[in-house]
Each structure stands twice: as C-alpha cells, then as structure tokens.
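Numbering (our numbering), first residue to last: -2 to 355. Data block below; observations after.
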C-alpha cells in the first residue's frame, strides 16, 4: 500500500501517479492508498500516531505486506514505523534504488547500483541488526569482543572502498574513449529528460539501435552510444538514464561516471513528454539535475515528444535570435524526425536545410 502526505508541495495528483508507476515498475501490486495532510513530518513516525493507526488498519484490511512512503524517511522513522505496523516499510529512495537494481544490465551499471545501495544501507544497519547488537561470545568467538554491528559496518566499508576503486578504473577507461572521440572531431549529442519521456524510443528511431524501450520508469540505465549519419557528416548520439524528482544523492554520486558523458556532450537533446500535464515541473527537475552534474551550461534543444498524443504538428521553432530552440516530434510514429535530423545537421555540422537555403 502507498502512503502520501500533503506537506504543501504542488501537484499532489502527479506525485501519487508517479509513486504508483514506480511501485508497478518494481513489481509491486498496489492494493490501497492512504493520504493525509501535515504541516511538517513527525520526527518519530513521519505520519503522526493517528495516521499510523489508520495505515495499520488499512494494511490489515487489505492484507498488505509492504508499505511504500512517497517520502524520504530517516532510519529512526523507518524503524519505528516497522515496529508499529508489523510489516516492511520502504521509502521513495529505497524504492528507486530497488528499480535501478532490477534494471542494471552492464558491469558498470551493476557496480554503480550496488555502491548506491550500500551507501543507503550504511545509515540503516542498526535496523537489520538490533538483535545482534551485543558482543560475540562462546567457544571460538571470544577475543576482541567486536559487536556484530561493528563487524558489518567494517565489512560494508571495505566493499564500498572496493566498488569506488573499480568505478574509478571504469571512469578512466571512459575518459580514454572520450578523448579518442574528441580527437576524431565527431560531435556528441546526449539525450536527457525525465524518466519515461520517450528517450530510448527516440534513440532507436534515430539510430535503428534496438535499445530496450518500454512504457515504464527507468527502462534504461546503461548509457548506449551510436553513430548517426546526417547529410555529409556524422554525430555520436548517447541515450542516458532518466531523471526524476528527488533523485537520491547516492545515485547521482554513484552514476557520476555515466552522467559525466552528458556534461562533456556538444549538445543536449532535452526530451519532454508533451502529453504530460506535469511537463513544466519535469523540465524544471531535469534542468536542476543537469546543474548538479555540471551540465547546466551545455547547449540544449528541447524536443517535445509524443505529439501523436496531443494532435500537435511536427515543427522546428526558433528563438528571437534565429537559433533552434524547440523541436516537435513523435518518436513512435516518426513524425518530425526529419526536421530533428536537419536541426542537428545545422547546429553541429553547419549544414543549412534545403528549405532555408531556398
């Protein structure tokens, strides 16, 4: 079951729809939703005593074995809630991490997700090991008297260090490949956007790559790059992980090497789901994450995708200076893709489309 409290943020319906999609993407069946309103989270239970009792009653009624909070819970709040509700409690961050673990396919992707999960778990070790928070004893176990919890913290620290070293090696290899591309003077384009905006579908339509695309959140985690032929030249197009509200900082840090590809691109195609009522907020979220990863100053063109769902016409819009600012396409039907290719050729290869030269 899902719990969402209104703490004053706008777009509560969109937030609820998003957590429902996240839950389904993780393989959960949503049986019930409990909503409420608070000025501020309760320090001990997040939701307050009365609301927690209501959640417990709904849980028992529907025989739910998992409660998803569409909020970030502190380790203490999570532990207290599990004690009160007598079932597993997962917050938004843990749910996103779980989906990333499901989707990661490449060696690098799996390393990044494991690092993010371990760093998230480090603050919650006490929850899993409270029954063992005592010194070891007995035959063969007497000695330094290290607590089980301390042992786990130490082992977790060793694993985190190993993962960071491996990812540093992968990042080094990625930089070598990037330098080789830069030497060959091939312009690079990164697809960025909110999760489920249709980036992978657009990537497949532009490159015929056959990358995995589905109507679900975080369908793509591993960066895929392909050459695209545009008139007289070529560009390298990269499909990247989608962004979402309140993306866990552990994930942004773990995916630093992958996201660096975005910061080093010559051009960003910011793919927007034009059929979403929440598109303006989603554009804002993506721009905020781009600033976080150092890609805020990279040249950007907004691509309004899914025009087949809005009955809009495919077109290329320019700003007051005559520069290309927005392109309207449907990756699903192919409408407007020729205009997008011409826009890329003009911006990156200096080609002028026949319509303009005429």
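The beta-carbon is built from N, C-alpha and C at its ideal position, and this holds for glycine as well.
When C-alpha distances from residue 10 are compared across 278, 325, 346, 297, the shortest belongs to 278.
Residue 58 and residue 2 have their C-alpha atoms spaced approximately 20 Å apart. Counting C-beta pairs closer than 8 Å gives fewer than three between the stretch 227 to 242 and the stretch 146 to 158, which falls short of the contact rule.
When the five nearest sequence neighbours on each side are left out, the beta carbons in the same chain lying within less than 8 Å of the beta carbon of residue 298 are those of 264, 265, 266, 267, 321, 322, 323, 324, 340, 344, in order along the chain. Exclusion of the five residues before and after residue 291 leaves 260 as the residues of its chain whose Cβ lies within less than 6 Å of its Cβ.
When DSSP states are grouped into helix, strand and coil, residue 297 belongs to the strand group. A Cβ-Cβ distance of about 6 Å is found for the pair residue 327 and residue 333, placing them in contact under the 8 Å criterion. Under the 10 Å beta carbon count, residue 221 is surrounded by 16 or more other beta carbons and is classified as buried. Under the three-state reduction of DSSP output, residue 97 falls in the helix class.
The alpha carbon of residue 225 has as its nearest neighbour, out of 69, 307, 338, the alpha carbon of 338.
The C-beta separation of residue 121 from residue 75 comes to about 7 Å, placing the pair in contact by the 8 Å criterion.
Taking C-alpha positions only, residue 15 is separated from residue 229 by approximately 42 Å.
Residue 47 is bridged by DSSP to nothing; it lacks a bridge partner.
No Cβ-Cβ contact shorter than 7 Å links residue 98 with residue 153.
Residue 55 places its beta carbon 7 Å or farther from that of residue 20. Bridge pairing for residue 76: absent [DSSP]. Distances from the alpha-carbon of residue 4 to those of 24, 34, 18, 22 put 34 closest.
DSSP places residue 269 in the uninterrupted beta strand (DSSP E) bounded by 264 to 270. Taken through DSSP and simplified to helix, strand or coil, residue 321 comes out as strand. Counting along the chain, the unbroken alpha helix (DSSP H) around residue 335 starts and ends at 334 to 346. For residue 311 and residue 40, the gap between their C-alpha atoms comes out near 51 Å. One alpha carbon belongs to residue 302, the other to residue 309, and they sit about 10 Å apart.
Per the coordinates, the alpha-carbon of residue 286 lies some 12 Å from the alpha-carbon of residue 250.
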